[in-house]
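Asks: Supplied in structure tokens, the structure appears directly below.
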Amino acid sequence: MGSLFTSWSCFLVYVLLVFQYSPTHSWNLQSMPKQVHVHGERPSSPMDPSSLDVFFTMKDLKLGKRIPIYFSSKDLSTSPRLLPREESNSIPFSLSHLPELLDFFSFPKLSPQAKAMEYTLSQCESDPLPGETKFCADSLESMLDSARGFFGAESEFRVLTTKYLSEHTALLQNYTVLEVPRAVETPKMVACHSMPYPYAVFYCHTQEGGRELFELSLGGDKGERVEAVGVCHADTSRWDPDHAAFGVLRTRPGESPVCHFFPADNVIWVASPTVIKLVI
């Protein structure tokens, strides 16, 4: 139980650091996540072309390998606010309420913010794919409760995140793998992606089988250091053939695994015990 409490405490510290309690109305285009939805079973979100440099292959998991990677920079002063459950429960979170939500947040109907909200709500309300477990969390409490429901009330689990070990200014640059990559073997995992919304919302999901989790120590050409978490999807046969990953990696659905790094504002829950093995 102590390990579980520690995991929750670490996660609480993490979200309080990343998702500051800034005013909700400060959300703007600069604070919207500019990232591709990397899971090819679902449609991709609008994206910054530079954010395509999050993909890699299993062959890149080698000491000394240089990889061009885009790691987004989050301005904490403009980050969407993480709401307590009492406040989030007082605001409708449904696509059917979008018109009144736009009035509530004072966003024009055809604005980029309105389109981003529509995208997030539609993704959260979409049916899970075969073998997929998914949920959206709009408060710290709902995140923890949903994770506990997924892993089991008495199960122990912990959090993995990508961490910047130095000041992060160059979003896209070449990174060198500084240490032998580490494979994280875990019986269960669920990845939570931050979504564009006026306050912090996470889209969390997991797919049965066919995924491998890795930790990499990276050094950028401009001197930046990153402890990155990445995942490789073994079965991409059901992915959209037009998914950006296939163009970047020059492959096709089902031909080879597709790997990607998690941005620093994503959260990966893993069940205990986990086994860390060097990738040799």
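Note that the UniProt record's numbering has the sequence shown beginning at 1, numbered continuously upward. Cβ atoms here follow ideal geometry from the backbone N, Cα and C, with glycine treated the same way. Every value quoted in this text rests on a predicted model; they were computed, and no experiment measured them.
1) So what's Arg252 in DSSP terms, helix, strand or just coil?
2) What does the Cβ neighbour count give for Val226, buried or exposed, with the cut at 16 atoms within 10 Å?
3) Let's see if you can read the secondary structure: which residues bound the alpha helix (DSSP H) around Leu140?
4) Check whether the Cβ atoms of Pro196 and Tyr119 lie closer than 8 Å to each other.
5) Measure the alpha-carbon distance for Arg66 versus His193 and round it to whole angstroms.
6) If I measure Cβ to Cβ from Thr186 and keep anything under 6 Å in the same chain, skipping five residues before and after, which residues do I get?
7) Hey, how far is the Cα of Gln35 from the Cα of Phe56?
8) If you measure between the beta carbons of Leu52 and Val177, is that distance less than 8 Å?
9) Cα-Cα, which of Val231, Ser126 and Ser94 is closest to Thr162?
10) Looking at C-beta atoms only, is the number of pairs between the region 133-140 and the region 80-95 that lie closer than 8 Å three or more?
11) Is it the case that the Cβ atoms of Arg238 and Phe246 are separated by a distance below 8 Å?
12) Which of the three DSSP states is assigned to His168 in this structure?
13) Under a three-way DSSP split, which group does Arg66 fall into?
14) If you draw a straight line from the C-alpha of Glu255 to the C-alpha of Thr236, how long is it?
15) Can you give me the C-alpha to C-alpha distance between Leu83 and Leu213, rounded to a whole angstrom?
16) Kindly list the residues whose CB is nearer than 6 Å to the CB of Phe150, restricted to its own chain and excluding five residues on each side of it in sequence; keep chain order.
17) When burial is assigned at 16 or more other CB atoms within 10 Å of the CB, is Pro198 buried or exposed?
18) Kindly indicate which three-state DSSP category Thr176 falls into: helix, strand or coil?
19) Alpha carbons only, please: which of Leu172, Phe157, Pro108 and Ala183 is nearest the one belonging to Glu215?
Replies: Concretely, from the data shown:
1) In the structure shown, Arg252 sits in coil (DSSP, three-state: anything other than H, G, I, E or B).
2) Buried, because 16 or more other Cβ atoms sit within 10 Å of the Cβ of Val226.
3) Leu140 to Phe151
4) Yes.
5) 26 Å
6) Shown here for Thr186: same chain residues with a beta carbon closer than 6 Å to its own, the five before and five after excluded, namely Val270, Ala271 and Thr274 in chain order.
7) The predicted model places Gln35 with a pLDDT of 42, which falls under 50 and marks its position as unreliable; any figure quoted below should be read in that light. Inter-residue distance for Gln35 and Phe56 is about 16 Å (C-alpha atoms, whole angstroms).
8) Against a cut-off of 8 Å, the Cβ pair of Val177 and Leu52 comes out as no contact.
9) Val231
10) yes
11) no
12) coil
13) Note: Arg66 maps to strand in three-state DSSP.
14) 8 Å
15) 30 Å
16) Val190
17) buried
18) strand
19) Ala183
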